[in-house]
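Okay, so here's the structure we're looking at.
2 protein chains.
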Amino acid sequence: MTAESSGSLFTVVKIGGGAGIALDHVSDDIAWMTDRGHVPLLVHGGSALTNRLAEQLGHPPEFVTSSSGFTSRRTDRRALEIFQMACASINKSLVERLQARDVNAIGLAGMDGQIWVGPRKDVIRTVQNGRTVVIRDDYTGRVEQVNTLLLETLMRDGYVPVLMPPAISYDGEAINVDADRAAARTAALLHADTLVILSNVPGLLRHFPDESSLIRKIRATDLRTMGEVARDRMKKKVLGAEEALAGGVSRVVFADGRVPHPVRRALEGEGTVIHA
Amino acid sequence: MTAESSGSLFTVVKIGGGAGIALDHVSDDIAWMTDRGHVPLLVHGGSALTNRLAEQLGHPPEFVTSSSGFTSRRTDRRALEIFQMACASINKSLVERLQARDVNAIGLAGMDGQIWVGPRKDVIRTVQNGRTVVIRDDYTGRVEQVNTLLLETLMRDGYVPVLMPPAISYDGEAINVDADRAAARTAALLHADTLVILSNVPGLLRHFPDESSLIRKIRATDLRTMGEVARDRMKKKVLGAEEALAGGVSRVVFADGRVPHPVRRALEGEGTVIHA
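For the record, the sequence lines run as chains Y and B.
Start counting the first sequence at 1; every next residue gets the next number (my numbering).
Start counting the second sequence at 277; every next residue gets the next number (my numbering).
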């Protein structure tokens, strides 16, 4: 073990599920890291595939918008089941790619071994046509606690955890959680040096979707203003970045997941780098 | 820890996926065991749900029969993906039930952490209308090696592993494996005392489906003749039982998974008990 591999450069990589994300390129980079004695931790969600699968299974996706402007998936029991299947499909596809590269990946949902635990939202207040509507049968929540002991034990033994939603509520119910924010919480509680958030854009764009408007560096203190620039799903990524940095992560990088060497490039500072 | 909980009575429970299997009853029994200091290991497949999901997704299930009379799922890449999703859906449904009962379950595919490793079949020779047909793009295999170190580490720390296919081939490919035989291999290599195989019949029936023809006790040496009595999927369960007993498991119990206390009843000898 060199000083570099002692854990001080521990990295959490969040892999987006949008079109064009190159899982083979990501897997190549993870193998490159483990060859050098670094054991990263991966996190992914499954939004895009959930949408397709939900259509195919006759339970089309629905979304709700909170009064604060965040959009979430409407997650009734059937939607939760479909979401779980989609996440698992991506998870196994990643684990297989990593195993084929001699990386001993271990895919886990947040609910497994109480890796991700948090509160389920009792009610969701959404705004529909200007009126507030209350939804009670939704399985959505957020991650507060992370089973760092289990994850550290696995990584010490050389396993690369590949984490996915759902998490588990304090009452033992599966809950849909935002994977970006779950990755941020995990990075903070595992004292990660860097959180890399890969998606299908080059980073934070000042004028979405104009990729030439990429913001290359930004200070954590200036990030809050970006929440207003960020659109749609990027809003939650920005919120996740804020939470990671507030939790002690040194650096968050929003980077392009569509290119060769997406993780290495991100670690070298390509994309939007946010320092604490 | 009492002598009883020292591991000498370690149990592997294989949960069938057929109609009527009561996952809530099974989960109640697992909680009863962990309350008494026993940490069992669970294994399940996903055949029945795979069939339904495959129909819904427009890739209907196909089966092939080998010249020795064993029936297997035809597993091309798409069938493998669907199989993975179905298994994961059952897995998460079990993990959630167990977590709700304060059992710290951890769901894992055999491919995760190289828990189940074995050869992929190069070619499958099937008999169709009396002719031998060779299939090459199939992802089927069997479990030879079990990562007992990982499973023992998890169980020592109080986690209840809930294992499902696919396994991983020596070349790092996901492979569909028979969950009964994978459970048998796992029980043997973990030196389990008892392997309980729950399905939607009361045990081995001399005259299937006449449940009054239940065979209550049988010696391992007489099991081979049962292979001829057993029908369809029961054939592989009998083969699994043979393999478990040959591998050092003291007792295999074929038991009814539809009734209250299915695991406790099996451990008390209800069903078909096969002694080494």
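Even for Gly, the Cβ is constructed at its ideal location relative to N, Cα and C.
The structure presented is a predicted model; accordingly, all values stated were derived computationally and were not measured.
Whole angstroms is fine: what's the gap from residue i's alpha carbon to residue j's?
i, j, result
"residue 69 of chain Y", "residue 125 of chain Y", "11 Å"
"residue 520 of chain B", "residue 313 of chain B", "24 Å"
"residue 426 of chain B", "residue 247 of chain Y", "31 Å"
"residue 54 of chain Y", "residue 467 of chain B", "43 Å"
"residue 250 of chain Y", "residue 241 of chain Y", "11 Å"
"residue 434 of chain B", "residue 316 of chain B", "10 Å"
"residue 211 of chain Y", "residue 324 of chain B", "47 Å"
"residue 14 of chain Y", "residue 83 of chain Y", "18 Å"
"residue 339 of chain B", "residue 511 of chain B", "15 Å"
"residue 19 of chain Y", "residue 412 of chain B", "31 Å"
"residue 95 of chain Y", "residue 490 of chain B", "43 Å"
"residue 105 of chain Y", "residue 217 of chain Y", "32 Å"
"residue 261 of chain Y", "residue 387 of chain B", "25 Å"
"residue 24 of chain Y", "residue 259 of chain Y", "10 Å"
"residue 452 of chain B", "residue 396 of chain B", "9 Å"
"residue 391 of chain B", "residue 455 of chain B", "13 Å"
"residue 415 of chain B", "residue 450 of chain B", "7 Å"
"residue 141 of chain Y", "residue 239 of chain Y", "15 Å"
"residue 326 of chain B", "residue 193 of chain Y", "42 Å"
"residue 543 of chain B", "residue 308 of chain B", "13 Å"
"residue 52 of chain Y", "residue 21 of chain Y", "16 Å"
"residue 495 of chain B", "residue 464 of chain B", "18 Å"
Which residue from the options puts its Cα closest to that of residue i?
i, options, result
"residue 354 of chain B", "B:337, B:365 and B:367", "B:337"
"residue 165 of chain Y", "Y:159, Y:171 and Y:181", "Y:181"
"residue 205 of chain Y", "Y:255, Y:15, Y:132 and Y:18", "Y:255"
"residue 73 of chain Y", "Y:45, Y:90 and Y:92", "Y:45"
"residue 356 of chain B", "Y:152, Y:87, Y:172 and Y:93", "Y:93"
"residue 545 of chain B", "B:377, B:471 and B:366", "B:471"
"residue 431 of chain B", "B:379, B:514 and B:328", "B:379"
"residue 513 of chain B", "B:475, B:394, B:543 and B:541", "B:475"
"residue 318 of chain B", "B:539, B:445, B:448 and B:452", "B:539"
"residue 271 of chain Y", "Y:252, Y:209, Y:230 and Y:202", "Y:202"
"residue 305 of chain B", "B:499, B:361 and B:377", "B:377"
"residue 88 of chain Y", "Y:223, Y:107, Y:138 and Y:76", "Y:107"
"residue 443 of chain B", "B:436, B:429 and B:459", "B:459"
"residue 347 of chain B", "B:429, B:509, B:549 and B:367", "B:509"
Assign residue i to buried or exposed, taking buried as 16 or more other Cβ atoms, counted over all protein chains shown, within 10 Å of its Cβ.
i, result
"residue 2 of chain Y", "Only weak support is given to the placement of residue 2 of chain Y: the predicted model assigns it a pLDDT of 37, under 50, and the question is left unresolved by the model."
"residue 334 of chain B", "exposed"
"residue 185 of chain Y", "buried"
"residue 343 of chain B", "exposed"
"residue 533 of chain B", "buried"
"residue 284 of chain Y", "Given that chain Y is displayed from residue 1 to residue 276, the structure contains no residue 284 of chain Y and the question cannot be resolved."
"residue 373 of chain B", "buried"
"residue 551 of chain B", "exposed"
"residue 147 of chain Y", "buried"
"residue 129 of chain Y", "exposed"
"residue 446 of chain B", "exposed"
"residue 265 of chain Y", "buried"
"residue 232 of chain B", "It is not possible to answer for residue 232 of chain B, since the shown part of chain B is limited to 277 through 552."
"residue 11 of chain Y", "buried"
"residue 399 of chain B", "exposed"
"residue 76 of chain Y", "exposed"
"residue 497 of chain B", "exposed"
"residue 34 of chain Y", "buried"
Starting from residue i, follow its DSSP beta bridges and name the residues at the other end.
i, result
"residue 493 of chain B", "B:549"
"residue 320 of chain B", "B:291"
"residue 128 of chain Y", "Y:131"
"residue 392 of chain B", "B:422"
"residue 471 of chain B", "B:288 and B:528"
"residue 358 of chain B", "DSSP output for residue 358 of chain B lists no bridge partner at all."
"residue 517 of chain B", "Answer is none; residue 517 of chain B lacks a bridge partner."
"residue 445 of chain B", "B:394"
"residue 175 of chain Y", "Y:167"
Which class does residue i belong to by DSSP, given the choice of helix, strand or coil?
i, result
"residue 553 of chain B", "Here chain B has residues from 277 to 552 only, and residue 553 of chain B is not among them."
"residue 11 of chain Y", "strand"
"residue 478 of chain B", "coil"
"residue 383 of chain B", "strand"
"residue 456 of chain B", "helix"
"residue 339 of chain B", "strand"
"residue 297 of chain B", "coil"
"residue 417 of chain B", "strand"
"residue 351 of chain B", "coil"
"residue 466 of chain B", "coil"
"residue 160 of chain Y", "strand"
"residue 344 of chain B", "coil"
"residue 333 of chain B", "coil"
Quick one: does residue i have its CB under 9 Å from some CB of chain A?
i, result
"residue 420 of chain B", "Considering every chain present, this structure includes no chain A. Its protein chains are Y and B."
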